[in-house]
Structure formats: C-alpha cells, structure tokens
Amino acid sequence: MAIRRGRGYAAVNYPTGMNLGGDPSQALIHATTTGTFVVSLSSVDLGQGLKTVVAQCAAEVLGLPYGNILVDTADTDTGPHCMGTFASRGTHRVGNAVIMAATEAREVMLAVAADELEVDAGDLETDGSGFVQVKGAEQKRIHITDLALAAHFKQGRTISGRGIFLKEKNDPVPETGEMDPDSCQAHACTVAVVDVDDETGVVEVVTMYNAYEIGRALNPATVAQQVEGGAWMGMSHALFEATEPYYPARSHGPADFSEYLMPTAADIPEQHSAILERPAESGPFGAKGIGEMTANAPIPAIANAIYDACGVRLTAMPFTPERVLRGLDALTGG
Amino acid sequence: MTSLDKTFFPGEQRDDFTVIGSVTQRADALGHVTGRTAFFEDLTPPGLLHLKMARSQRHHARIAGVDLSDALAVDGVVRILTHADIPNNLYTPLKLIGVEPDDEPILAEDTVRYLGDPICAVVAETEAAAYEAVARIRVTYQDLPAVFDVEEALAEGAPLVNEYQGHNYFTYEGHHCRRLRFGDVDEAFARADHVFEWRYESAPIEHAPTETTGCIVVPQPDGRLRIHSDTQACFFTLDNTALILGTPFNKLRIVGGTVGGGFGGKVDIVVEPVACVAAMLTNRPVKFVYTRYEEMQVSSPRAAERIYIKDAVMNDGRILGRKIILYVDAGAYARHSPYGTTKAAAHMPGPYAIPNVWADCHCVFTNRTPSSAMRGFGVTIADFALESQMDRIARALEMDPLRLRLLNAYRDGDMKAHRKVAEGTALIEVIQKAAAMVGHELPAEFRRMSSAEGR
Amino acid sequence: MASTVVSLRLNGRPAEFLARPGTSLLSSLRDSLGLMAAKRGCAQGGCGTCTVLLDGRPVMSCLVAVETIEGASVRTLEGVAADDGRLDAVQSAFLDGFATQCGFCTAGMIMVAESLLAGNPDPSRDEVVEAISGNVCRCTGYASIIAAILDAARRKREVDVV
Numbered sequence: 000m001a002i003r004r005g006r007g008y009a010a011v012n013y014p015t016g017m018n019l020g021g022d023p024s025q026a027l028i029h030a031t032t033t034g035t036f037v038v039s040l041s042s043v044d045l046g047q048g049l050k051t052v053v054a055q056c057a058a059e060v061l062g063l064p065y066g067n068i069l070v071d072t073a074d075t076d077t078g079p080h081c082m083g084t085f086a087s088r089g090t091h092r093v094g095n096a097v098i099m100a101a102t103e104a105r106e107v108m109l110a111v112a113a114d115e116l117e118v119d120a121g122d123l124e125t126d127g128s129g130f131v132q133v134k135g136a137e138q139k140r141i142h143i144t145d146l147a148l149a150a151h152f153k154q155g156r157t158i159s160g161r162g163i164f165l166k167e168k169n170d171p172v173p174e175t176g177e178m179d180p181d182s183c184q185a186h187a188c189t190v191a192v193v194d195v196d197d198e199t200g201v202v203e204v205v206t207m208y209n210a211y212e213i214g215r216a217l218n219p220a221t222v223a224q225q226v227e228g229g230a231w232m233g234m235s236h237a238l239f240e241a242t243e244p245y246y247p248a249r250s251h252g253p254a255d256f257s258e259y260l261m262p263t264a265a266d267i268p269e270q271h272s273a274i275l276e277r278p279a280e281s282g283p284f285g286a287k288g289i290g291e292m293t294a295n296a297p298i299p300a301i302a303n304a305i306y307d308a309c310g311v312r313l314t315a316m317p318f319t320p321e322r323v324l325r326g327l328d329a330l331t332g333g
Numbered sequence: 000m001t002s003l004d005k006t007f008f009p010g011e012q013r014d015d016f017t018v019i020g021s022v023t024q025r026a027d028a029l030g031h032v033t034g035r036t037a038f039f040e041d042l043t044p045p046g047l048l049h050l051k052m053a054r055s056q057r058h059h060a061r062i063a064g065v066d067l068s069d070a071l072a073v074d075g076v077v078r079i080l081t082h083a084d085i086p087n088n089l090y091t092p093l094k095l096i097g098v099e100p101d102d103e104p105i106l107a108e109d110t111v112r113y114l115g116d117p118i119c120a121v122v123a124e125t126e127a128a129a130y131e132a133v134a135r136i137r138v139t140y141q142d143l144p145a146v147f148d149v150e151e152a153l154a155e156g157a158p159l160v161n162e163y164q165g166h167n168y169f170t171y172e173g174h175h176c177r178r179l180r181f182g183d184v185d186e187a188f189a190r191a192d193h194v195f196e197w198r199y200e201s202a203p204i205e206h207a208p209t210e211t212t213g214c215i216v217v218p219q220p221d222g223r224l225r226i227h228s229d230t231q232a233c234f235f236t237l238d239n240t241a242l243i244l245g246t247p248f249n250k251l252r253i254v255g256g257t258v259g260g261g262f263g264g265k266v267d268i269v270v271e272p273v274a275c276v277a278a279m280l281t282n283r284p285v286k287f288v289y290t291r292y293e294e295m296q297v298s299s300p301r302a303a304e305r306i307y308i309k310d311a312v313m314n315d316g317r318i319l320g321r322k323i324i325l326y327v328d329a330g331a332y333a334r335h336s337p338y339g340t341t342k343a344a345a346h347m348p349g350p351y352a353i354p355n356v357w358a359d360c361h362c363v364f365t366n367r368t369p370s371s372a373m374r375g376f377g378v379t380i381a382d383f384a385l386e387s388q389m390d391r392i393a394r395a396l397e398m399d400p401l402r403l404r405l406l407n408a409y410r411d412g413d414m415k416a417h418r419k420v421a422e423g424t425a426l427i428e429v430i431q432k433a434a435a436m437v438g439h440e441l442p443a444e445f446r447r448m449s450s451a452e453g454r
Numbered sequence: 000m001a002s003t004v005v006s007l008r009l010n011g012r013p014a015e016f017l018a019r020p021g022t023s024l025l026s027s028l029r030d031s032l033g034l035m036a037a038k039r040g041c042a043q044g045g046c047g048t049c050t051v052l053l054d055g056r057p058v059m060s061c062l063v064a065v066e067t068i069e070g071a072s073v074r075t076l077e078g079v080a081a082d083d084g085r086l087d088a089v090q091s092a093f094l095d096g097f098a099t100q101c102g103f104c105t106a107g108m109i110m111v112a113e114s115l116l117a118g119n120p121d122p123s124r125d126e127v128v129e130a131i132s133g134n135v136c137r138c139t140g141y142a143s144i145i146a147a148i149l150d151a152a153r154r155k156r157e158v159d160v161v
C-alpha cells in the first residue's frame, strides 16, 4: 500500500465566439458635460470581469484614464443589443464594439479640441491623463472636462460613438461539415502532478503547471483569476463532479452541496501558470477568449497523470476512488 | 502564481498601451467587498408573490390527471398555472436563429419526459404556502417506457423520447448527425502501421453557481413588465419570453448584468416566461428562483458524452487519420444541444494536423434532464477524450508524449477538418513553455519548432 | 401562530421587527431589514453565502430561527467598513488581492475571515483553510481568498503595532 506519484500532459485549443445565425454585439458611448464617458451595453458580467475589461478598451482608445469611463449595463431599455455572455465571446465581441464606438467618439473629441485650441485635429494627441494636446507643443492643451463643457455649451456637439461587431452567419455544409464557426483559437498546455493512494483510490492533485496563449492579456489580474479558477474547476470535473454518478442510471443524484462534491479550499493544488501572447487579428487589441478554456486541459492531464502514477487508464469521468480501485483490481486480477 | 512570458512571438507584440495590459482593479470589486453589489434577488417589491413549480416525479409518463383542489385550498395560494395559461406553451430557445422544431413545453401538457419536467406553477403570498401547495398537487401518471443510454436510444425499437423531434436524434439538414468529412480515413487505416481505437465517457455535470437561476418580474405603471434576471443573455431571454407570451417585444424590459456565477447554465429560458405569465395574471410582482435542489437536478447540466476515437498512426508517431463517433446526451429537449454538437464537430480532431478525418456527431434525446451550454460547451469532454487518446498513442509507441503532440501539432496555414485555414496558432509554443516549466527536456529540433512557420 | 417582535443589536445599532415563527435570520435580514449582503445560495446550510456573525461567531443565517436569538448581537458585511466608508483590513485585502469574481460568496467569506482574525491574529494557512471550509466559491479556486485572508491578518497586525 503506497502513495504513487505520476505526471500527465494535455494540450488543447479553444475557439473564441460562435456564428449561430450571425453573432453581433453593440456598444454606444457618449461624453457627459464634464468629460466622463458612459459606455452603454446590454452585456452581462458573470464575474469574469467584462465591465472592467471593456472600460479598459474604451479608456485605451480615448486616451483617457480608466477612471473616466463608466459602464452602464445591462438594461434592454437603455443598452443596445448583445447576443449574450457565452461561447467565450464577451471580451472579443463587446470589446471590439466598444473600440469601434470609442474610435468614433475620439474623432469628435479631437475635433472639438481642435476648434477650442484653433489647431488641426490631425496635430492633436491624448496624454493618457485627461488632456488633449498639440503634438510637439504639449503646453498647448485642453482638459477633457473643459473640452466636454465646450462641446455641450459652446459648440453644440455630442461627443459620442457607435460600435458593432458582427461575426456573420455561416451555415455548415451538411455533407462535409465545412464551416467557419469561430473567430480565433486560444491554446493551453497543462502538466498535472498527482498522488494516487492505491489503498483508498483517492487522487490528490499536487501541482498543476499551465501554459496559455490567449492573444493578449488585456488585464493580467483578471486573466490570472480565470486561469486559477478554471484549473480548479477542471480538477473538480476530473475528480468529483457528476449529477448522475452512475450514469446512465439516474439513481444517486446529488441534491445539494453536501452530496455534489467539489474540491474545497483544503484540496487545491499548487499552481504555476504562464501566459503567452500571440495577438489575434480579429481580437480587441489582439485578445482571444480565456474564460472557458481554462477548465479543459486539466481533465485529461489528470487522467494521464493517474495512468502514469499507477497504470490505471480511466476512460470515464469523474475519476472517483471507486473507479481507481476497480482499475487497480483489474491490473492485479483482484 | 501566474506570470506573463513575452519572449514568444517577439515580432507580433505591441507595447505602446496605457491601460491595456495593465493590472486594473475590477469595476465591481468594491461593491463585492462591501456587500453592496445588487443581484437580481436583492429587491423586495411590495406585494411580491412567490412561484414554486410542481414537477414530474416520473422519467416518462402520460399525465392521466392533475388534481389541484387540495393545493388551491392552502391559505395564501393566489393561483396555480397550468399549460392552458401559457399563450405559446411550446418553444425551443434557438428558434430565434431558425432552429426547429419547437419541442419543449413551458408547462407539461399530456406527457412528462424527464424527472423534474415542470407541470404546474403555484403562485402564493409566501414561499411556505407555495411549497405546501406544490406538495398537495396530485398528479396521476401512466408510465411510459423510458430510455437513458444514448446508444440504446438510437437503436431500433427504442421508446420515442420527444415526439416533436420525431426521432431520438436531432436532424441536421436531413442527416441524423452533424457530419465531418475530410480526406479518406479508410485509406489512412489501410496504410497505417497501427490502428488504435478506444472509448471515452462522461456523466452530466452541474454548473453549481452559488446564486441559483431566478428572476423577479415587476408589472409597471405603463403596462410593461420589468424582469430582474440573472440571465447570461438579456435580449436572448427577452425575445424568447416575448414569443412565449405572444406579446410585443417592447412590452418587456430586462434588467440584469450582474450574475452570481453562470458558467453557461443561465442561458436557458427557464424562469422568466412562467413568472411573466404569473405577473400578468395577478398584476403583482412575482419571484421565481430555483432551489438548490432544482439547480442540481432540474437545471440543465453539461451534457454527458460518449466518444469513440479510432486513429491511423505511423511508427514515427504521425497520425494519418482519425475517425470519431460522438454521442451528446441532450436529455429530453433540444435547448442548445444541437449547436453544442456542431461546435464539437468543428473542434475535431483536436489541435492537430491530421489529413484524414471522419466524424459523426450525434445529438441524442433521452429521458433525462435536458442538458445545455456549459463552460467549454462541445469541447471540454472532447478534450478529455482526445488528449487521453494522445497519451495512449504515445505510450503504445513508447514515445515522449510531448514530442508526439509537437510532431502532429497544427500550424499556421494548415487546413483544418472543417476546411478553415488555421491562423494565429500557438499549440507548439504552449507545449514548449510547459515543457520548460517542468524541466521536460526536448531535443533542439522540437525546441526550434514554430507555429508561425508552415511545414 | 402570531408573529412576534424580535429585538437585536444589528451592526452596533438596535433593531426591532416582526417575525413569523420559524423565520430565518437570513430572511429577516433581507426581507424585513433590507440588508442584502448575506446571500441565499442554498437555504440549507450548505454553501456559506449567508454567513453572518452572531455574538461574534460565524453562523449560516439561513439555519438560525430568528426568534431564538432575541437580544443577540448580529454583524453583517454592511457593518464591517467604518462609518465613513473606510474598508477594514479584510475588505482591503480581498479588493487588492483580486479575491472576488462574481461576488456572491464574498460576504460569507469575509465574515468568516472577520471571526477568524478576531480570535487568531496570526493564523496559519491551514487555519484559514479550515475557517472557510464551509463556504463554497465556484469562481476563484480559493487560492486568492486564502491569500487575501492571510494578507488581511498581516495588515491588521501592522495596524495594531502602530
């Protein structure tokens, strides 16, 4: 009776977005009298941080501080259409729509500034701190608050912009499956190290190493959140989760959190993750979807690590102690 | 510990950003740590009614009778809705994009098709009264044969799960499955040094968000309904709900956007339509929120899948052909499974350049809780199968599992099985990086490989 | 049975309200008192999202019949920050450590941490893990929450030294 250690590998790709009947999202943006930009959406934040990352996109394009952006979502009376938050589409679709809207608003912003400063709009730049200034003559500048006030009360212009991103409808060819279902692919490789207790069949994930390529990490902190939480969910799927533990039999279905088991804080492995960036042409600043895929590679990596540890090939999820023990028994003819 | 490694793809980077790429505090975090973030249930409109569902206690049965008399006698019960109260009772969520047929009733008519199928909705002054009334509804069933296994469901003579579908499979433009045909797998098997065929399987998995699915519908002075919901897709829910209610779309307004975990489970349209009907019939605010039990056993899980993979492999590790038979267990109704199965087909044969690929991806109906979207929809279980398969091939050939993957990894310019040219690939690089992280030594030729260089 | 008047000390202030027999503390907080930080994740003591402090000890408020705690002191997340809105050490550590995603479990996690650190200013990692073992989070994978609570302990100790 012993604890047996093993290491397993898995490498995966994951599509960003879908093409169901055409896949659009829209954004509207406008400046308030004092130079705050309100991004109006109907998109949903599930906790992945969409509100944060689209505000970053708007701030980057407008050349203003992040604090100048407010995101107003999700109300179908006030926000333009969004297909929804699924298929790793949120950051990609909504981010692109916000960039387009902010680009249009930026043009107006610079035109208003040009009139105020009596220069050509093409000679202007933003400094990132809230000023529009003349390139090469930075002392000639106007703050966004003064600029927005002038637009409202002097020039009579709306500083606003409209944006939409549409992945066009593409029907699969029935005979061959030819189709264009997604916008780009993110990538991951996971290495899992597990300990298998050959007496109890319990598998403990000791360490997980993850390498992800996600186009662009728009906000490295929220990327890290997805990486860590997703790897945990993958491990949870691998070792614990089933609403029908004896599938296809419907019996023994867990009814609550005392029966539907997931790893607790005490069960988490050490995680080491690296993020690589290969910007996608279609992505907002090159970003691909990261949220969904993080749960995928850990599952086969753990399966392969269990095999490496004790020679048991588990082909049915989840990898419960019962299945590990049955596998060990089969190996020894027990 | 998560860190950025900017040494890969040096020619493709851009670093002149001011906000993008910076650690930026979450816009919602202050609300979270002070307890002030408003979720849909953090609302107590005056006169709020509570809706609870009476559900099928059988896997597959005719409803011989429903006796509401005891339930209606419970103090505080305002109304009990049946299918006759729902204007357009039959729906399918993807009808918005042309998917047919309507195959799922909001409330059961004469048949229940899974344990938990909704039958009657009790609307009451208190949750306790609603639960009490649900317990007192007497449904008489005539059991029908049920089928739970995907392959048994497709066999001759299997009980028909969903008569609106007409078969126990979703029909893709006349085909019984979503097909993928690329090259000639039979020729590959004939030419291969080795043929490996194995089977993989998963069970349904619950999203388990800490906040359960729900909504509060509040009738407005102008006759419209304001729906506070934790849907993942506001307009998708609005449009589906309006079609079910048979009302103009602009009669509804969805307010949402802050969700206590979704993971795909809150894309279904399972609470809003019936709560709206209750609000319209009573002209009072109505709350319908799933219990934890409903979330666990009635809300749609990630589909169980069964996958057979047969590979044609050469002695040097090159994979010449891959044949895949996938069964996605959709449960009793289609929901989003026809799309998820197509997404699975597009994902095959995994991130590898395999010149001959054949896949039949079946979306199968069984008498269980309908499955639907979940994080990694169509891909998560496929990846378990595909990457277990790669490990087994490496072991069988006594090859380094990373070198086997690198040898077959897709690169820019490769034609994928669904006939889309690969671009922006980086499988090779994430493998190289992972190898470096764990000290897995790769020979120079494998360290030099690049996704950006065609083969 | 008739409703009774229940009196509590709630976040340092007196509170009085009517409750039907068997009403949970969670329902009282949310439906009668308008305090929404404590969440109903399962209503059966399985997830910890409704955790509040009852006389300083963490309880799942969905399991406490409110008429049984007449006169008790109850603290919710609404009562953690200073009156001027200044965050306390645990809140700041959760904020700075990116220990929230969807935010639904956060109130329960923070209240458990408040209780732990009040009795144990220098907890080990294992003690933190044990303290939050009744609280479910589906988003984070727990590592950032554990780190935030350990960080909060450090912050509190530094303040105490000053």
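Those sequence lines, one after another, are chains A, B and C.
Just so you know, numbering that gives the first Met the number 0 puts 238 at position 239 of the first sequence, and the rest follows in order with no gaps.
Just so you know, numbering that gives the first Met the number 0 puts 41 at position 42 of the second sequence, and the rest follows in order with no gaps.
Just so you know, numbering that gives the first Met the number 0 puts 57 at position 58 of the third sequence, and the rest follows in order with no gaps.
Every residue, glycine too, gets a C-beta built ideally from N, C-alpha and C.
Q) Residues in its own chain within less than 7 Å of tyrosine 356 of chain A by CB, not counting five upstream and five downstream? A) Absent from the model: residue 356 of chain A. The displayed extent of chain A is 0 to 333, so no value can be given.
Q. Run through DSSP, which three-state label would aspartate 382 of chain B get?
A. The three-state reading of DSSP puts aspartate 382 of chain B in helix, counting H, G and I together.
Q. Comparing alpha-carbon positions, which option in A/Pro320, A/Val222, A/Val37 lies nearest glutamine 47 of chain A?
A. Relative to the Cα of glutamine 47 of chain A, the nearest Cα in the group A/Pro320, A/Val222, A/Val37 belongs to A/Val222.
Q. According to DSSP, what are the bridge partners of tryptophan 197 of chain B?
A. DSSP output for tryptophan 197 of chain B lists B/Ile308 as bridge partner(s).
Q. At which residues does the beta strand (DSSP E) containing valine 288 of chain B begin and terminate?
A. Bounds of the beta strand (DSSP E) holding valine 288 of chain B are 285-288.
**Q.** Whole-angstrom distance between threonine 424 of chain B and alanine 408 of chain B, CA atom to CA atom
**A.** Rounded to the nearest angstrom, the two C-alpha atoms are 9 Å apart.
Q. How close, in whole Å, do the beta carbons of asparagine 161 of chain B and alanine 331 of chain B come, if the pair is a contact with beta carbons under 8 Å?
A. About 6 Å; that satisfies the 8 Å criterion.
**Q.** Alpha-carbon spacing of arginine 312 of chain A relative to isoleucine 144 of chain C, whole angstroms
**A.** For the pair arginine 312 of chain A and isoleucine 144 of chain C, the Cα-to-Cα distance works out to about 34 Å.
Q: Could you spell out the range, first to last residue, of the beta strand (DSSP E) harbouring arginine 61 of chain B?
A: Arginine 61 of chain B -> beta strand (DSSP E) spans 60-66.
(Q) Does methionine 52 of chain B come out as helix, strand or coil in the three-state DSSP assignment? (A) Shown here, methionine 52 of chain B sits in a strand according to DSSP, grouped into three states.
Q. Exposed or buried, which one is proline 262 of chain A when buried takes at least 16 other CB atoms within 10 Å?
A. Around the C-beta of proline 262 of chain A, 16 or more other C-beta atoms lie within 10 Å, and the residue is accordingly described as buried.
Q: Would you mind listing the beta strand (DSSP E) stretches within the region 134-179 of chain A that are 3+ residues and don't spill past its ends, in chain order?
A: The region 134-179 of chain A contains these whole beta strand (DSSP E) runs: 136-142, 159-166.
(Q) To be precise: take each residue of the region 2-32 of chain B, compare its Cβ to all Cβ atoms of chain C, and keep it if any distance is under 9 Å. Which residues remain? (A) Flagged, chain order: Val22, Gln24, Arg25, Asp27, Ala28, Leu29, Gly30, His31, Val32.
Q) Does lysine 38 of chain C have its Cβ less than 8 Å from a Cβ in chain B? A) Taking Cβ atoms only, chain B reaches closer than 8 Å to lysine 38 of chain C, which makes this a yes.
Q: Evaluate contact between the region 267-285 of chain A and the region 201-220 of chain A, counting only Cβ atoms and requiring at least three cross-stretch pairs below 8 Å.
A: Counting C-beta pairs closer than 8 Å gives three or more between the region 267-285 of chain A and the region 201-220 of chain A, which meets the contact rule.
Q: Using a Cβ cut-off of 8 Å (strictly closer), state whether valine 65 of chain C contacts chain A.
A: So, not an interface residue.
Q: My understanding is that aspartate 238 of chain B touches arginine 137 of chain B, with C-beta atoms under 8 Å, so please give their C-beta distance in whole angstroms.
A: By a beta-carbon distance limit of 8 Å, aspartate 238 of chain B does not contact arginine 137 of chain B. Their separation comes to about 36 Å.
Q: Can you grab the Cα-Cα spacing for the pair aspartate 148 of chain B / serine 336 of chain B, in whole Å?
A: Taking the straight line joining both Cα atoms gives about 16 Å.
Q. If you pair each beta-carbon of the region 141-155 of chain B with each one of the region 364-372 of chain B, do three or more pairs fall below 8 Å?
A. Contact holds between the region 141-155 of chain B and the region 364-372 of chain B, because three or more Cβ pairs, one in each stretch, are under 8 Å apart.
(Q) Just to confirm, is the Cβ distance from glutamate 483 of chain B to proline 299 of chain A under 8 Å? (A) Examination of residue 483 of chain B is not possible in this model, given that chain B is present from 0 through 454 alone.
Q.
Only counting the same chain, and skipping five residues up and downstream in sequence, which positions put a Cβ closer than 6 Å to that of glutamate 198 of chain A?
A. Within its own chain, the residues whose Cβ lies closer than 6 Å to the Cβ of glutamate 198 of chain A, once the five positions on either side in sequence are excluded, are Met0, listed in chain order.
Q: Determine, using beta carbons only, whether leucine 116 of chain A and isoleucine 141 of chain A come nearer to each other than 8 Å.
A: Cβ atoms of leucine 116 of chain A and isoleucine 141 of chain A: closer than 8 Å.
Q: Can you give me, in chain order, the residues of the region 17-37 of chain A that have a beta carbon less than 9 Å from any beta carbon in chain B?
A: Answer in chain order: Met17, Leu19, Gly20, Gly21.
Q: Determine contact between the region 54-65 of chain B and the region 115-123 of chain B, defined as no fewer than three beta-carbon pairs at a distance below 8 Å.
A: Result yes; three or more Cβ-Cβ pairs closer than 8 Å.
Q. In chain order, what residues of the same chain have a beta carbon less than 7 Å from the beta carbon of leucine 53 of chain C, not counting five sequence neighbours either side?
A. The residues are Val63, Ile68, Ala71, Val73.
Q) Does DSSP put methionine 322 of chain B in a helix, in a strand, or in coil? A) Residue identity check: residue 322 of chain B is lysine in the sequence provided, not methionine. Residue state, collapsed to three classes: strand.
**Q.** Terminal residues of the alpha helix (DSSP H) in which aspartate 238 of chain B lies
**A.** Segment 233-244, the alpha helix (DSSP H) holding aspartate 238 of chain B.
**Q.** contact_flag[the region 231-247 of chain B, the region 76-94 of chain B] where n(CB pairs < 8 Å) is 3 or more
**A.** Yes: at least three Cβ pairs fall under 8 Å.
Q) Which of the three DSSP states, helix, strand or coil, is assigned to tyrosine 246 of chain A? A) Here tyrosine 246 of chain A sits in coil by DSSP.
Q: List the residues of chain C whose Cβ lies closer than 9 Å to the Cβ of glutamine 138 of chain A, in chain order.
A: Those do not exist, as glutamine 138 of chain A stays about 37 Å from chain C at its closest Cβ, beyond 9 Å.
Q) With DSSP run on the structure shown, which of helix, strand or coil describes glutamate 1 of chain B? A) At residue 1 of chain B the sequence reads threonine, which differs from the glutamate that was named. If DSSP states are grouped into helix, strand and coil, threonine 1 of chain B belongs with the strands.
Q: Would you please verify whether the beta carbon of valine 111 of chain C is less than 8 Å from any beta carbon of chain A?
A: Closer than 8 Å: no.
Q: Can you tell me which of A/Ser257, A/Ala100, A/Val43, A/Ala304 puts its alpha carbon nearest to the alpha carbon of histidine 227 of chain B?
A: Answer by Cα proximity: A/Val43.
Q. In whole angstroms, what is the alpha-carbon distance linking glycine 44 of chain C and lysine 51 of chain B?
A. Cα to Cα, the separation comes out at about 20 Å.
Q) Is the Cβ of cysteine 46 of chain C closer than 8 Å to any Cβ of chain B? A) Yes, because at least one Cβ of chain B sits closer than 8 Å to the Cβ of cysteine 46 of chain C.
Q. Is any beta-carbon of chain A found at less than 8 Å from that of serine 123 of chain C?
A. Judged by the 8 Å Cβ criterion, serine 123 of chain C is not in contact with chain A.
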